[in-house]
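Heads up, the sequence shown is in this note's numbering, so the first residue is 368 and it goes up one at a time.
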Amino acid sequence: MAQGSPLLVLADGRTMLLNDSVGWGREADLQQVRLDEQGITYQQSDSLEKEEVFNTLIIPKGGEFQIQLADGSRVWLNSETELRYPVNFTAEKRRVFLKGEAYFEVAKNAQIPFVVTTSAGIDVKVLGTKFNVASYENDEQVTTTLAEGSVEVGDEKGSVRLKPEEQALFCKGDRSLRVQKVDVGMYLAWKDGKFIFEEQSLEQIMKQLQRWYEMSVFYTNEEVKQYTFSGDLKKYDDFDKIIRMLEEVSGIKISIKENCVVIGTK
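Okay, structure coming up:
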């Protein structure tokens, strides 16, 4: 499993690997930032800024990271995710830009809504709540799952308002938007070190595993892509153990050659 260090791209173009907190703040010339085992913590300056200065946090395959934004909102970033965010917020808006997957616990501020703009052009607007957004570029849809509070999801063509334990699914192809009831825990499990699958196809499962483990996948039988599975796996388990568990509960045969996973029927 590849677990590289997160990369911070500063507003002036400088880049820093977040693998050592010693002396990091001085080198970055950032007085309002703390880096420790929990991630990055920003502090809002005494006065709200007139112009926003954006940093970008890039999480590699097999990595996870946490960030506390200047307004006190906390964000958990999943593997292969990018978050572009203001170092300090202005008096008019709180907006971040997401490519990948993140769980948000937004600090309440009725005067300044918090907006997550996804790579698909969908906005998630909140005042203060807990929710998960998955917006990977190679996925066919963007999902927003609400754990607590209320969010509005949509674009210039229309929007929907979610209640807790509801999920908005935005289809990138026809740009349609629909809402469904879900088990929220299944969609938040990643930040607690788990994969939880409920009647998901093998193709969907392998796509999730590829974001965490360094591997390519080859199918010798296209039909097995649609085999469905339910189960609970630990992300930090040895990859061979996860593969053997999938084999045990199905009629598939999985072999591993270096970083290539070959899947077919027994």
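The beta-carbon is built from N, C-alpha and C at its ideal position, and this holds for glycine as well.
How about residue 487 and residue 438: do their beta carbons lie closer than 8 Å? no
Using DSSP's beta-bridge definition, name the partner residues of residue 584. 628
For residue 554, which three-state DSSP category applies? helix
Determine whether the beta carbon atoms of residue 570 and residue 597 lie at a separation below 8 Å. no
Given 8 Å as the limit, is there contact between the region 619-629 and the region 572-583, that is, 3 or more CB pairs closer than that? yes
Any chain D beta carbon closer than 8 Å to residue 510: Given the protein chain composition of this structure (a single chain), no chain D is represented.
Integer-rounded CB distance, given that residue 591 should sit under 8 Å from residue 632: 6 Å
Can you tell me whether residue 571 is helix, strand or coil according to DSSP? helix
If you reduce the DSSP assignment to three classes, tell me which class residue 468 lands in. strand
Helix or strand or just coil, what does DSSP make of residue 559? helix
Nearest-angstrom Cβ-Cβ length linking residue 508 and residue 471, presumed shorter than 8 Å: In fact, because the Cβ distance is near 19 Å, the residues do not count as touching under 8 Å.
Considering Cα atoms alone, identify which of 374, 405, 510 and 403 is closest to residue 451. 374
Nearest neighbour of residue 496, chosen from 551, 515, 440 and 504 [CA to CA]: 515
Go ahead and pull the three-state DSSP assignment for residue 462. strand
I'd like to know whether the C-beta atoms of residue 558 and residue 518 end up nearer to each other than 8 Å. no
Run of the beta strand (DSSP E) containing residue 425, from where it starts to where it stops: 421-426
Hey, could you find the ends of the beta strand (DSSP E) residue 479 is sitting in? Run containing residue 479: none; DSSP gives neither H nor E here.
Residue 435, buried or exposed, once every other Cβ within 10 Å from all chains shown has been counted against 16: buried
Residue range of the beta strand (DSSP E) that residue 402 falls in? 400-403
So, are the CB atoms of residue 599 and residue 572 less than 8 Å apart? no
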